[in-house]
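For reference, the structure is listed below as structure tokens.
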Amino acid sequence: MASATHGPFIAASQIAGNILDWGNPISQHSTTTTTSKDSEEEENEIKFVIADRHKHYDMIHTMMTQMFSFQEPITRSVGATPEDVTGFFHDLCGASLNSPYSVLAFIGDKCVGMTLNYINTNVKKNSDESSSPGLKFKSDFVEEITNGPYNNLRANRVCAFIEEVERNYAYFIPKCKKLFKLDVIFVHPNYSG
163 MASATHGPFI AASQIAGNIL DWGNPISQHS TTTTTSKDSE EEENEIKFVI
213 ADRHKHYDMI HTMMTQMFSF QEPITRSVGA TPEDVTGFFH DLCGASLNSP
263 YSVLAFIGDK CVGMTLNYIN TNVKKNSDES SSPGLKFKSD FVEEITNGPY
313 NNLRANRVCA FIEEVERNYA YFIPKCKKLF KLDVIFVHPN YSG
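At position 180 of the sequence shown the residue is numbered 342 (this note's numbering), and the sequence of numbers has no breaks.
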């Protein structure tokens, strides 16, 4: 029997496998003549681009609300609609697009995947580092959901869940001063394998 966290890890590893299958490298200075077949293959090549906040924000936010929200297990489990998570995804995109660590995958002009990342240099240590928090999670989130940062309960449920999962990670990596945070991995459903 699989544990409660087994499914998301399998899904993440499958998606990561798709993203990390880099394909053939694209030569910047090709001296060979291209035929129509070569140019057709080149149009189907995956190109990786560092996400730019000013150039890509609207596209990324639209993909997050209109596609990712239907694919992502947490938003699906709370029954969130795109309207419910618009503000949440705005904050998530804002954090990830403030640094050059997010990558977009394009085939031609179409964005077919993304990974939104950033570096966290404010790794908060637990006040009592001597006792292990273990893997005990809270069972009552009424206060966090009711008083959450968003104007709807579904977005606050997503936020409370993520905050609880991430709450004690500093205990398990006590000497960490810089943490690479991979916030989102997404492959367009028409291009996933």
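Every residue, glycine too, gets a C-beta built ideally from N, C-alpha and C.
Local Cβ density within 10 Å of residue i, reported as buried at 16 or more and exposed below that
i      : result
Ile307 : buried
Val346 : buried
Val247 : buried
Asn282 : exposed
Phe334 : exposed
Lys340 : exposed
Ser231 : buried
His168 : For His168, the pLDDT reaches just 42, beneath the cut-off of 50, and the residue's location in the model is therefore unreliable, leaving the point undetermined.
Thr196 : Reliability of the predicted coordinates at Thr196 is poor, the pLDDT of 46 falling under 50, and the value obtained from them is presented with this limitation in mind. When all chains shown are included, Thr196 counts as exposed.
Phe391 : Residue 391 cannot be examined here, being either before or after the span of the chain that is shown, 163 to 355.
Beta carbon of residue i nearer than 8 Å to that of residue j
i      : j      : result
Phe342 : Gly275 : no
Met226 : Pro351 : no
Val320 : Ile236 : yes
Ala322 : Val285 : no
Glu205 : Gly249 : no
Leu344 : Thr277 : yes
Val240 : Arg329 : no
Phe268 : Lys209 : yes
Residue span of the beta strand (DSSP E) that contains residue i, given as start and end
i      : result
Ile347 : 341–349
Leu278 : 272–282
Phe210 : 208–212
Ile335 : Unbroken run through Ile335: none, as it is neither H nor E.
Phe230 : Per DSSP, Phe230 belongs to no beta strand (DSSP E) and is neither H nor E.
Val285 : Taken as a continuous stretch (DSSP letters only), Val285 belongs to no beta strand (DSSP E), as it is neither H nor E.
Phe394 : No statement about residue 394 is possible, as the shown extent of the chain runs from 163 to 355 and does not include it.
Residue range of the alpha helix (DSSP H) that includes residue i
i      : result
Phe251 : 244–258
Ile138 : Residue numbering for the chain in the displayed model covers 163 to 355; residue 138 lies beyond these limits and cannot be assessed.
Phe303 : That residue, Phe303, is in no alpha helix (DSSP H); it is neither H nor E in DSSP.
Met225 : 215–225
Beta-bridge pairing of residue i - partner residues as DSSP gives them
i      : result
Ala317 : Ala317 is not bridged to any residue.
Contact between the stretch 310–319 and the stretch 264–275 (3+ Cβ pairs under 8 Å) = No, they do not touch.
inquiry  = Could you check whether the stretch 209–222 touches the stretch 248–263, counting it as contact only if at least three pairs of C-beta atoms, one from each stretch, sit closer than 8 Å?
reply    = Judged by Cβ distances under 8 Å, the stretch 209–222 makes contact with the stretch 248–263, as three or more pairs qualify.
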